[in-house]
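Just so you know, the protein sequences line up as chains A and F, in that order. For the first sequence, position 127 (counting from the first letter as 1) is numbered 139 according to the numbering used here, and the numbering increases by one without interruption. For the second sequence, position 162 (counting from the first letter as 1) is numbered 194 according to the numbering used here, and the numbering increases by one without interruption. Each residue gets a CB set at the ideal place from its N, CA and C atoms; glycine is no exception. Quick caveat, the model's predicted, so the values are computed rather than measured.
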Amino acid sequence: MIRVGLVDDERLDLEKMVAIMKQIEGVEMVFATQSSEEAYREIKKNEIIFIERTGRTTTIVTTGEKYTTYQTLNELEKKLVERDFFRSHRSFIINIHYVKNFSLYTKHSYLVSFYQTKDTAMMSKEKMEEFQAKYF
Amino acid sequence: MLMDNLLIGLAFALLVSSLGWFILQTIRWRKRARALEHTNRLLLDQQIHMEQMINEIRSERHDFIKHMRVIENLARQQERGILDQYLDELNGELQRINVLNRGEKAHMASLLKHVLEACRHDHVQVRYELEVPLSALPMGLVDQTKLVGNLLENALEAACRYAQQHHQAQIEVFTSVRSGLYLLEVRNSTLPIPREIVDALFKQPVPSSKAGSANGWKHGIGTHVIAETVKKHQGTLDFRYQFPWMTVKVKIPLFQSMIHNGV
């Protein structure tokens, strides 16, 4: 007799697996590295402080180390759909939970300082208004 | 002849435009004068509140030795029940001022105390949930007074009017810092507000709702001053009116150059 479909126990296992995979997708971000040793790398999203695009390289600043990738900010932004991430400038995506304070950079932009790193990001004046309207 | 007409026309146009410019400038300066007069009144009021608070703290210090003697006597006489009651009452009195002083500078502590006492007098309940002191608002002391003073004054006025009709009212003040933004929220009971007033709130001076007020603009200018102060510090202001509640939420970015102690 050929069995079609799944019995209850198997369905339960599959559902569990899908749930776990979804959880992994939600918690971690996979990106293409520039290293020849490993093509892809996973990092926890909640450890990302900000991401910066400089020239043809993107730098991911985390609480531990910095990673580089050729992937564009738009590509990475699609993987960071959580509310925690905000496109503060055309060259920056920031994790709002690490934002410490701001300082005036130019007439139309601010520097963003973070907890756990001395590196800074930028936020345009229009984005500052959007940031305040969107959060809290 | 044609030249003469052209010159007269030109002179007339110049005169009209000068007059228009003069009227616009007058309106602008009148508005500014009102805002300055309002701020001046707030600062003078605050000075009075600060002096009252200093006197109260002085009298507390003055009474300290007397309280110590009473406690000593009660302990000697082994009047445990009365001693406990006395200590509870004394602790309550001290806490009343201490809560307001926690992390606050004198100008904000005295303002909070003034609101608390005015509310007690008018049967309005007050709840302060200040995760960060109001004195840590990222702006100068005068602007802090302009912003918080006007917000609390408006809330107090509205809540008192509500309490007169409903015998109870509430004011709640919340502060916190999240992601580089200072968040200040003031929520108060209010009587129904006409739609045209709600639409104009924080956009332009609105007429005062204070009954019998001869110089209504003095009160209506408060919301305008709040909006201007928030704008000056690159912040945003949002309000929600849903009878019987009015909630005003202010967000001010924490700029390194303006960060004071306490954040």
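How is residue i classed by DSSP in three states: helix, strand or coil?
i        : result
A/Tyr52  : strand
F/Thr261 : helix
F/Arg216 : Checking the displayed sequence, the identity of residue 216 of chain F turns out to be Leu instead of Arg. Reduced to three states, the DSSP call for F/Leu216 is strand.
A/Glu77  : coil
A/Phe148 : coil
F/Arg134 : coil
F/Val48  : helix
A/Ser47  : coil
A/Glu59  : helix
F/Leu39  : helix
F/Arg227 : helix
F/Ser211 : coil
A/Glu138 : helix
F/Thr255 : helix
F/Glu204 : strand
F/Met140 : helix
A/Asp96  : coil
F/Ser245 : Note that F/Ser245 scores 46 on pLDDT, short of 50, meaning its location in the model is unreliable; the coordinates nonetheless yield the value given after this. Coil.
Starting from residue i, trace the alpha helix (DSSP H) both ways and give me its first and last residue.
i        : result
A/Ile106 : Looking at the DSSP string, A/Ile106 is not in any alpha helix (DSSP H); the run it does join, the beta strand (DSSP E), is Phe104 to Asn107.
F/Gln157 : First-last for F/Gln157: Val156 to Leu162, but that is the beta strand (DSSP E), not the alpha helix (DSSP H).
F/Tyr194 : Leu173 to His198
A/Leu88  : Leu85 to Lys91
Beta strand (DSSP E) containing residue i: first to last residue?
i        : result
A/Val73  : Thr69 to Thr74
F/Leu235 : According to the sequence as given, residue 235 of chain F is Lys; it is not Leu. Neither: F/Lys235 is in no beta strand (DSSP E) and is coded neither H nor E.
F/Thr279 : Trp277 to Pro285
A/Asn113 : Val111 to Thr118
F/Glu274 : Contrary to the premise, residue 274 of chain F reads as Gln rather than Glu in this sequence. Element bounds for F/Gln274: Thr268 to Gln274.
A/Tyr3   : What is shown of chain A runs 13 to 148, which leaves residue 3 of chain A out entirely.
Please check the pair residue i and residue j, which I expect to be a contact at CB under 8 angstroms, by giving their CB distance rounded to whole angstroms.
i        : j        : result
A/Arg108 : A/Phe62  : The question names Arg, but residue 108 of chain A is Ile in the sequence shown. Actually they are not in contact, since the Cβ atoms of A/Ile108 and A/Phe62 sit about 10 angstroms apart, beyond 8 angstroms.
A/Phe126 : A/Val111 : 6 angstroms
A/Phe148 : F/Lys264 : About 20 angstroms; that fails the 8 angstroms criterion.
F/Thr207 : F/Leu233 : Actually they are not in contact, since the Cβ atoms of F/Thr207 and F/Leu233 sit about 22 angstroms apart, beyond 8 angstroms.
A/Phe114 : A/Ala133 : With 8 angstroms as the limit, A/Phe114 and A/Ala133 do not qualify as a contact, their Cβ atoms being about 10 angstroms apart.
F/Pro279 : F/Arg219 : Before going further, note that residue 279 of chain F is Thr rather than Pro in the sequence given. About 5 angstroms; that satisfies the 8 angstroms criterion.
F/Gly254 : F/His70  : 7 angstroms
A/Lys71  : A/Thr80  : Before going on, a small fix: residue 71 of chain A reads as Thr here, not Lys. Yes, A/Thr71 and A/Thr80 are in contact; Cβ-Cβ is about 5 angstroms, under 8 angstroms.
F/Lys178 : F/His81  : The Cβ separation is near 15 angstroms, so there is no contact.
F/Cys192 : F/Val164 : Their Cβ separation, rounded to whole angstroms, is 27 angstroms, which puts F/Cys192 and F/Val164 out of contact at 8 angstroms.
A/Glu77  : A/Lys57  : With 8 angstroms as the limit, A/Glu77 and A/Lys57 do not qualify as a contact, their Cβ atoms being about 15 angstroms apart.
Counting contacts by CB-CB distance shorter than 8 angstroms, is residue i in contact with chain D?
i        : result
A/Met134 : Of the protein chains in the structure, A and F, none is chain D.
*asked:* Closer than 8 angstroms between beta carbons: that is the criterion. Which residues of the stretch 190-205 of chain F meet it against chain A?
replied: none
*Only counting runs of 3 or more residues, tell me where the beta strand (DSSP E) segments fall wholly within the stretch 64-136 of chain F, in order along the chain.*
none
_Members of the stretch 144-175 of chain F that neighbour chain A once the beta carbon cut-off is set at 9 angstroms_ = Pro170
*asked:* Counting only Cβ-Cβ distances shorter than 7 angstroms, please list the residues of the stretch 205-228 of chain F near chain A, keeping chain order.
replied: Arg210, Ser211, Gly212, Leu213 and Leu215
*asked:* Please identify, using Cβ separations under 9 angstroms, the residues of the stretch 110-122 of chain A that lie next to chain F, in order along the chain.
replied: Among the residues of the stretch 110-122 of chain A, those with a Cβ less than 9 angstroms away from any Cβ of chain F are Tyr110, Val111, Lys112, Asn113, Phe114, Ser115, Leu116 and Tyr122, in the order of the chain.
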